[in-house]
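With positions in the sequence shown counted from 1, the corresponding number in the working numbering is that position plus 34.
Positions of the beta carbon are idealized from the N, C-alpha and C atoms, including for glycine.
Worksheet for the structure shown next.
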Amino acid sequence: MEIRHNVHPTDVKRYTTDELRENFLIQDLFQPNKIKMVYSHVDRMIAGGVCPVEPQPLQVEAGMGVDYFLERREIGIINVGGTGYIDVNGQRYTLNRTDGLYIGKGVKDVVFYSQDSHKPAKFYFNSAPAHATYPTTKIERSSIAGNHLGAITHSNDRTIYKYIHPQGVQSCQLVMGMTALENGNMWNSMPSHTHERRMEVYFYFDLPEEDVVFHLMGQPQETRHIVMRNEEAVISPSWSIHSGVGTHNYTFIWGMAGENQVFDDMDAVAMKDIR
C-alpha cells in the first residue's frame with residue numbers, strides 16, 4: 035500500500051510536474067491478481083482497484099493498526115470491467131459493469147471474483163474511516179435516477195448518478211457517485227468549487243487510449259494541472275479545485291470523505307476569479 039502525505043497549498047505552488055504527479059496521481063489501479071491501494075493522509079481516504087483473474091481477498095495492510103480491513107472502516111466499490119462477484123461474509127453479490135456495492139464497518143471477509151477470467155472485473159473502491167455501521171447494500175446503476183446538468187453550449191452536458199449518499203444508500207461518512215459526459219462534451223465541474231469540509235478523489239474511465247484529461251487542481255487563484263489517462267485517479271485536498279477537460283468525452287467516479295455528507299456544500303469559484 036502506497037502512503038501519500040498531506041501537503042500545504044503554499045508548497046504546491048512550487049511543485050514541478052513530476053512532484054504534482056507523485057503526490058496526487060494514482061496509476062496502475064488494475065493489475066491482474068493484485069489489490070492496488072493508496073492511503074492518503076487527507077481525511078485518511080484509501081483509493082484502490084482490483085482486477086481478480088483469480089479470487090482476491092481484501093486484506094489488512096501493514097500500518098493500518100487493525101486486525102482486518104473493515105474493522106474501523108467502510109468501503110464503496112464500483113465495477114468498471116466485466117461482470118464480477120464480491121463475497122461479503124459468505125454472501126455473494128453480482129456486479130455488472132457500473133454496478134456498485136457499499137460495505138459497512140465490521141465486515142471481516144471480503145473476496146473479489148471475476149465471472150470470466152478473460153474479461154475480468156475491475157473493481158474501483160474508496161474507503162474511509164467509520165464510527166458507525168450501516169448495512170451492506172448492492173447498488174444497480176440502472177436503478178439510480180440520474181440528475182442531468184449542463185448543456186452542449188458549454189461542452190458540459192452530463193448526468194450525475196449518486197450511489198452512496200444520505201438520501202440513498204447510507205454510510206457513516208463516505209459519499210460516492212459517477213458522472214457521465216455525453217458525446218461531444220469534455221468539461222466537468224466548471225465553474226469550479228472547493229469544499230473545505232471534504233476531500234475528494236476523482237477516477238477517470240471510458241476514455242480512449244489515445245486521449246487524455248487535463249485535470250485542474252490547486253487553489254482557485256493558483257491553479258495547476260495534471261495530465262491523466264484512462265483508469266487513473268487523482269487526490270483532491272479540501273483546498274483544491276477539481277475540474278477537468280478532456281480531448282474526448284469520458285466518465286468519472288467521485289468519492290468524498292470529511293466533516294459532512296451534504297453534496298451541495300460547496301464553495302463556488304466565479305469564472306472571473308479563477309486564474
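Per DSSP, reduced to three states, the secondary structure at Thr44 is helical.
The C-beta distance from Ile112 to Gly134 rounds to 4 Å, short enough to fall under 8 Å. The Cβ atoms of Gly218 and Val247 do not sit closer than 8 Å to each other.
According to the DSSP assignment, Leu250 belongs to the beta strand (DSSP E) that extends over 247-253. Rounded to the nearest whole angstrom, the CA to CA distance from Phe64 to Gln90 is 12 Å. Below 8 Å, enough C-beta pairs join the segment 70-84 and the segment 264-279 to call them touching: three or more. If you look at Glu56, you'll find it isn't in any beta strand (DSSP E); it sits in the alpha helix (DSSP H) that goes 51-58.
Residues Val268, Ile269 of the same chain have their beta carbon placed closer than 6 Å to that of Phe58, with the five preceding and five following residues left out of the count. A straight-line Cα-Cα distance of about 11 Å links Asn294 and His199. The DSSP assignment places 134-137, 144-148, 157-163, 171-173, 181-183, 192-198 as complete runs of the beta strand (DSSP E) inside the segment 132-202, in order along the chain (cut-off: 3 residues). In the displayed model, Pro66 falls within a strand according to three-state DSSP. Per DSSP, His282 lies in no beta strand (DSSP E) segment and is marked neither H nor E.
By DSSP's assignment, Ser270 forms a beta bridge with Glu234. Distance from the CA atom of His188 to the CA atom of Pro225, rounded to whole angstroms, is 10 Å. Nearest Cα to Ser272 within the set Met251, Arg263, Thr285: Met251. Looking at the backbone, the Cα of Ala164 and that of Tyr127 are separated by about 22 Å. The three-state secondary structure of His75, taken from DSSP, is coil.
Per DSSP, the unbroken beta strand (DSSP E) holding His259 starts and ends at 256-262.
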